[in-house]
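**Student:** Numbering (the working numbering), first residue to last: 686 to 1117.
Glycine included, C-beta positions come from ideal geometry on N, C-alpha and C.
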Ligand SMILES: NC(=O)c1ccc[n+]([C@@H]2O[C@H](COP(=O)([O-])OP(=O)(O)OC[C@H]3O[C@@H](n4cnc5c(N)ncnc54)[C@H](O)[C@@H]3O)[C@@H](O)[C@H]2O)c1
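1. Could you round the C-beta distance between residue 738 and residue 720 to whole angstroms and report it? I think they count as a contact, below 8 Å.
2. Would you call the region 803-813 and the region 947-960 touching, i.e. three or more CB-CB distances under 8 Å?
3. List the endpoints of the continuous alpha helix (DSSP H) containing residue 874.
4. With a threshold of 7 Å on Cβ separation, who are the neighbours of residue 781 within its own chain once the five nearest residues in sequence on each side are excluded?
5. Going residue by residue through the region 756-823, where are the continuous beta strand (DSSP E) segments of at least 3 residues, counting only ones entirely within it?
6. Just verifying my parser: in three-state terms, what is the DSSP assignment at residue 1056?
7. Note down the Cα distance separating residue 1004 from residue 1054, rounded to an integer number of angstroms.
8. Do residue 645 and residue 699 have their C-beta atoms within less than 8 Å of each other?
9. Is residue 796 near ligand 1, going by C-beta to nearest heavy atom under 7 Å?
10. On the three-state DSSP scale, how would you describe residue 748?
11. What whole-angstrom Cβ distance do residue 1012 and residue 965 have, given they're in contact under 8 Å?
12. Looking at ligand 1, does it come within less than 7 Å of residue 745, judged from the CB to the closest heavy atom?
13. Does the distance from the C-beta atom of residue 984 to that of residue 872 stay below 8 Å?
14. Could you give the residue range of the alpha helix (DSSP H) that holds residue 896?
15. Which same chain residues, not among the five before or five after residue 672, have their C-beta less than 6 Å away from its C-beta?
16. Ligand 1 heavy atoms versus the CB of residue 1069: any closer than 7 Å?
17. At the level of alpha carbons, what is the spacing between residue 1048 and residue 1022?
18. Rounded to the nearest angstrom, what separates residue 1105 and residue 891 at their Cα positions?
19. Using only the alpha-carbon positions, how far apart do residue 1010 and residue 715 sit?
20. Where residue 870 and residue 1092 are concerned, what is the direct C-alpha to C-alpha distance, given to the nearest angstrom?
21. For ligand 1, any of its heavy atoms closer than 7 Å to the Cβ of residue 694?
22. Determine the contact status of residue 842 and residue 854, defining contact as a CB-CB distance below 8 Å.
23. Just how far apart, CA to CA, sit residue 702 and residue 814?
24. Suppose the cutoff is 6 Å on Cβ atoms and the five residues either side in sequence are ignored; what does the same chain contact list for residue 1117 look like?
25. Note down, in chain order, each residue of its chain lying with its Cβ closer than 6 Å to the Cβ of residue 1038, except the 5 sequence neighbours on either side.
26. Could you give the residue range of the alpha helix (DSSP H) that holds residue 1095?
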């Protein structure tokens, strides 16, 4: 029986981990403890899952006490990004299996600390990179592994985040680099990990530009340069295009989104103590970027051309992977209900260098992130699927490489120079 303690009773913890453990994986798994620095989060969890009412709860300084009293075999780290490092290191010290949400940590130096700690521990780190498990993404991995495009030479990946989802990062703690590492880490590590995994090459050097174009006090659509407004209490919201795109004058439109549940502003504000997740997207304290373009060079010769933009009229991505024998291409329009016009079905198009094009209609599963979340949950709570012929569950090294690219993107854009992954880690040998 897996005995699981949850560190950070976030929305993600409730929906992605606690609920499935209780509803689907209870025969093999049991939640034994909850830890959060906000008692309100423990209450919210116990209100939602009444069979957890008697569960012991701990504050952020009581990790050791929690381990002693509840004897977990696994911890799930789902707290604010900057706090992951504390629980990962403590979990490894106690030789536990540590499942952490992405980003594993928020800096390269912390990533290195995790890898060093893992070497000394009989525990291990699993990074919950759910995007790998999306049906399209698995199919692409399988096509690359089958050699359909030969040796990968270049990848084009453009990621688009719509005005609903994009704004959500600027209403919450994610908008401060000290908490999230900035969006090249908090968000783009998903994408960098995907590319690293698909092509099975190691990133060596990164060059990038970044800017804050839409959000922050100088955002063009800011109704006025007033600081510290909250959507729920703001008297300028009728003049705020970002707010009115997804709301009308009397109600919030109901949208299912992992990052901002459609529970209504006042209800979500009451889900935390001294914290409202509806802070103004034009606040003065915002210190991260919302637009990046980057080039990454890989150790076996591939180049990645990447961009991300957090204020686009629709959500999705465009991907092309080119190789010595052909090209794979796909375009996703995410969550069709949020796209205000007809969009094509996602397919994977395969163009051999010489020969006929194939269009693949991928079989998709139910569940979050393109059906990826439920399969990742099975790998975590039942053990890795022994029939799958390739590695998919990510560890600390994959977490670290994704962070190295993310930090490289940010630092390159600030320092206006290419960043070498090796230099960022100083002792490259730890990673090879
Ligand atoms: N893989 C995905 O697709 C995905 C999606 C959403 C969120 N996430 C990740 O899940 C995690 C939670 O995100 P969320 O948006 O659900 O967060 P949230 O804002 O709902 O919750 C953050 C939680 O962390 C707690 N916290 C803050 N400081 C703490 C500390 N020192 N010790 C313990 N707890 C502390 C807060 O009280 C709160 O309960 C983040 O790491 C985020 O990046 C991943």
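**Tutor:** In short, the structure shows the following:
1. On the chain shown, position 53 is the one that residue 738 refers to. On the chain shown, position 35 is the one that residue 720 refers to. At roughly 17 Å, the Cβ-Cβ gap does not stay under 8 Å, so residue 738 and residue 720 are not in contact.
2. no
3. One-based indexing of the chain shown puts residue 874 at position 189. Run containing residue 874: 873-884, per the alpha helix (DSSP H) assignment.
4. Taking the chain shown and counting its residues from 1, one reaches residue 781 at position 96. Listed in chain order, the non-local C-beta contacts of residue 781 below 7 Å within the same chain comprise 757, 758, 759, 760 and 808, local neighbours out to five positions each way being set aside.
5. 759-762, 782-785 and 809-812
6. For this step, residue 1056 is matched to residue 371 along the chain shown. Of the three classes helix, strand and coil, the one that applies to residue 1056 here is helix, per DSSP.
7. Taking the first residue of the chain shown as 1, we reach residue 1004 at position 319. Taking the first residue of the chain shown as 1, we reach residue 1054 at position 369. If you take the alpha carbons of residue 1004 and residue 1054, they lie about 17 Å apart.
8. The requested residue 645 is not part of the displayed model; the chain covers only 686 to 1117.
9. If you number the chain shown from 1, residue 796 lands on position 111. For ligand 1, not one heavy atom lies less than 7 Å from the Cβ of residue 796.
10. Here residue 748 corresponds to residue number 63 of the chain shown, with the count starting at 1. In this structure, residue 748 counts as helix in the three-state DSSP scheme.
11. Working through the chain shown from its first residue, we reach residue 1012 at position 327. Working through the chain shown from its first residue, we reach residue 965 at position 280. Contact doesn't hold; Cβ gap of about 43 Å is too wide.
12. Mapped onto the chain shown, residue 745 falls at position 60. For ligand 1, at least one heavy atom lies less than 7 Å from the Cβ of residue 745.
13. Sequence index remark: in the chain shown, residue 984 carries index 299 (1-based). Sequence index remark: in the chain shown, residue 872 carries index 187 (1-based). Not closer than 8 Å, so no.
14. As a first step, residue 896 is located in the chain shown; it is residue number 211 there, counting from the start. Segment 888-896 is the beta strand (DSSP E) holding residue 896; no alpha helix (DSSP H) there.
15. Because the chain here runs from 686 to 1117, residue 672 falls outside it and cannot be looked at.
16. Along the chain shown, one-based indexing puts residue 1069 at 384. Taking 7 Å as the cut-off, one finds no heavy atom of ligand 1 near enough to the beta carbon of residue 1069.
17. Position 363 of the chain shown, counted from the first residue, corresponds to residue 1048. Position 337 of the chain shown, counted from the first residue, corresponds to residue 1022. In a straight line, the C-alpha of residue 1048 is about 20 Å away from that of residue 1022.
18. Here residue 1105 refers to the residue found at position 420 of the chain shown. Here residue 891 refers to the residue found at position 206 of the chain shown. Their Cα atoms are separated by approximately 6 Å.
19. Stepping through the chain shown from its first residue, residue 1010 is reached at position 325. Stepping through the chain shown from its first residue, residue 715 is reached at position 30. Between residue 1010 and residue 715, the C-alpha separation is close to 48 Å.
20. One-based indexing of the chain shown puts residue 870 at position 185. One-based indexing of the chain shown puts residue 1092 at position 407. Those two C-alpha atoms are separated by around 6 Å.
21. Looking up residue 694 in the chain shown gives position 9. Yes; taking the cut-off as 7 Å, the Cβ of residue 694 has a heavy atom of ligand 1 nearer than that.
22. Here the question's residue 842 lines up with position 157 in the chain shown. Here the question's residue 854 lines up with position 169 in the chain shown. For residue 842 and residue 854, no; Cβs fall outside 8 Å.
23. As a position in the chain shown, residue 702 is number 17, starting the count at 1. As a position in the chain shown, residue 814 is number 129, starting the count at 1. Answer to the nearest angstrom: the Cα atoms are 13 Å apart.
24. The residue given as residue 1117 occupies position 432 in the chain shown. Here the model assigns residue 1117 a pLDDT of 49, short of 50, so the residue's position is not dependable, and the following value carries that caveat. No residues qualify anywhere along the chain.
25. By one-based count along the chain shown, residue 1038 stands at place 353. Excluding positions up to five away in sequence, the list reads 1010 and 1011.
26. As a first step, residue 1095 must be located in the chain shown, where it is residue number 410. Where residue 1095 is concerned, the enclosing alpha helix (DSSP H) stretches over 1081-1100.
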